[in-house]
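Data block below; observations after.
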Amino acid sequence: MPRTASPRQSPSLTWLLCLAPDLLTRLRLCIGFAHRAHRWIGVARFWHDFGTKCRPNYELIIRQQPSRARMSGFGIKDRRPLDPTPIAQVIMRNPDGSYGRARYDDAAFLISHVTLWSTDMSTQLSAVSAPAPTSFGPPIIGRSPAPDVPPTSQHNQILLGALISPCHILSDVDGDRGLFFIFPDVSVRTSGTYRIKISLYDIKGAISKKSPISFVVSDAFTVYSPKTFPGMSDSTPLSRTFSKQGIRIHIRTDAPKRDDQDSP
354 MPRTASPRQS PSLTWLLCLA PDLLTRLRLC IGFAHRAHRW IGVARFWHDF GTKCRPNYEL
414 IIRQQPSRAR MSGFGIKDRR PLDPTPIAQV IMRNPDGSYG RARYDDAAFL ISHVTLWSTD
474 MSTQLSAVSA PAPTSFGPPI IGRSPAPDVP PTSQHNQILL GALISPCHIL SDVDGDRGLF
534 FIFPDVSVRT SGTYRIKISL YDIKGAISKK SPISFVVSDA FTVYSPKTFP GMSDSTPLSR
594 TFSKQGIRIH IRTDAPKRDD QDSP
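Numbering (the numbering used here), first residue to last: 354 to 617.
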């Protein structure tokens with residue numbers, strides 16, 4: 354009997370049959386990796402949520418309110434800091450509503466930032482977009498301009514100085530240690546009545562959370578023109594206490610001369 358010829362397999366089909374075991378193996382590996390990645394993502398989300406719930410509930414309080422300042426000029430050397438120096442403290446609110454001390458190991462990850470606001474907290478005035486006068490002319494945004502000639506610019510920075518403060522572990526006048534933020538080099542260029550807002554940030558969560566974890570607003574204070582400035586107030590006990598601990602803070606050393614110290 355004559356033999357019947359077997360049908361020839363196409364080269365592409367032969368290639369697929371040869372690679373089938375390898376493709377199945379890779380598919381199993383991909384499916385297994387996807388399952389493991391899903392579990393890893395679930396674990397990461399769990400720990401993130403757990404860390405968020407266990408994160409201390411920090412709040413800010415102002416320990417020293419600014420009350421006055423002499424307006425600063427546009428010159429670099431003509432800086433007039435707020436008086437007294439603004440000082441804020443970090444406190445921790447417990448789940449039961451009570452307050453406790455903040456954890457000292459978080460001090461390296463906490464920073465604060467200060468901004469200038471109107472007294473009704475409706476407008477931020479740290480920097481304003483307004484035409485700057487080229488000489489002693491109209492006041493900027495309705496306030497008296499600084500005594501020096503300002504630069505020609507459409508943007509005026511009203512709040513000057515070190516606007517970011519690191520966290521300091523210090524003892525107050527009663528010897529109680531805590532976490533403090535100090536702003537000894539903050540000045541205002543224009544006269545008027547303002548408030549400052551101090552915002553607290555945790556740089557450990559800066560990637561996932563850019564908003565502050567807490568903030569506090571100061572009482573209203575007055576920035577005077579050079580002719581109406583009543584002068585610097587006496588240094589507070591809190592400022593002197595922090596100065597003795599190595600903080601560079603403005604301390605008034607001159608004292609009124611008493612009658613018994615007068616020369617004969």
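The beta-carbon is built from N, C-alpha and C at its ideal position, and this holds for glycine as well.
Would you mind stating whether Q618 and S571 have Cβ atoms separated by less than 8 Å?
Since the first residue of the chain shown is 354 and the last is 617, residue 618 is not available in this structure.
Are the stretch 525 to 540 and the stretch 445 to 459 touching by the rule of at least three beta carbon pairs closer than 8 Å?
Touching, yes, given that three or more Cβ pairs across the two stretches are closer than 8 Å.
Entirely enclosed alpha helix (DSSP H) segments - the stretch 570 to 607, minimum 4 residues
Correct list: 590 to 597.
Straight-line CA distance for V541 to M445?
Distance between the alpha carbons of V541 and M445: 31 Å.
Per-residue DSSP class, three states only, for I556:
Helix, per DSSP.
Is the beta carbon of S518 closer than 8 Å to that of S564?
S564 places its beta carbon 8 Å or farther from that of S518.
Considering only the beta carbon of each residue, do L591 and D525 sit closer than 8 Å?
Between L591 and D525, the C-beta gap is smaller than 8 Å, which places the two residues in contact.
So P346 and I549 are supposed to be a Cβ contact under 8 Å. How far apart are they, rounded?
Past the boundaries of the shown model lies residue 346; the chain is included only from 354 to 617, so the question cannot be answered.
DSSP beta-bridge partners for T468?
Beta-bridge pairing links T468 to K550.
Within 8 Å, strictly: CB atoms of F595 and L523
Against a cut-off of 8 Å, the Cβ pair of L523 and F595 comes out as a contact.
Tell me the residue span of the beta strand (DSSP E) that contains P519.
Start and end: I517 to P519.
Please tell me whether S588 and I604 are closer than 8 Å, where the distance is taken between their beta carbons.
A contact, by the Cβ cut-off of 8 Å.
Per-residue burial, N447 [other beta carbons within 10 Å of its own, 16 or more giving buried]
So N447 ends up on the exposed side.
Status (buried if at least 16 other CB within 10 Å, exposed otherwise) for M474:
Of the other Cβ atoms in all chains shown, fewer than 16 fall within 10 Å of the Cβ of M474; this residue is therefore exposed.
Following the continuous beta strand (DSSP E) through F534, name the residue where it begins and the one where it ends.
Element bounds for F534: R530 to I535.
Quick check: what's the CA-CA separation for Y411 versus Y554?
Across the structure, Y411 and Y554 are spaced so that their CA atoms are roughly 10 Å apart.
Three-way DSSP call (helix, strand, coil) for D458 in this model:
In this structure, D458 counts as helix in the three-state DSSP scheme.
What is the C-beta distance between L478 and Y577, in whole angstroms, given that I count them as a contact (C-beta under 8 Å)?
Going by Cβ atoms, the distance from L478 to Y577 rounds to 16 Å, so no, they are not a contact pair.
Rounded to the nearest angstrom, how far is the Cβ of F568 from that of I551, given a contact under 8 Å?
The pair is a contact, with the Cβ atoms about 6 Å apart (cut-off 8 Å).
Suppose contacts are defined by Cβ-Cβ distances below 8 Å. Is F582 in contact with R423 by that definition?
Pairing F582 with R423 gives a Cβ-Cβ distance under 8 Å.
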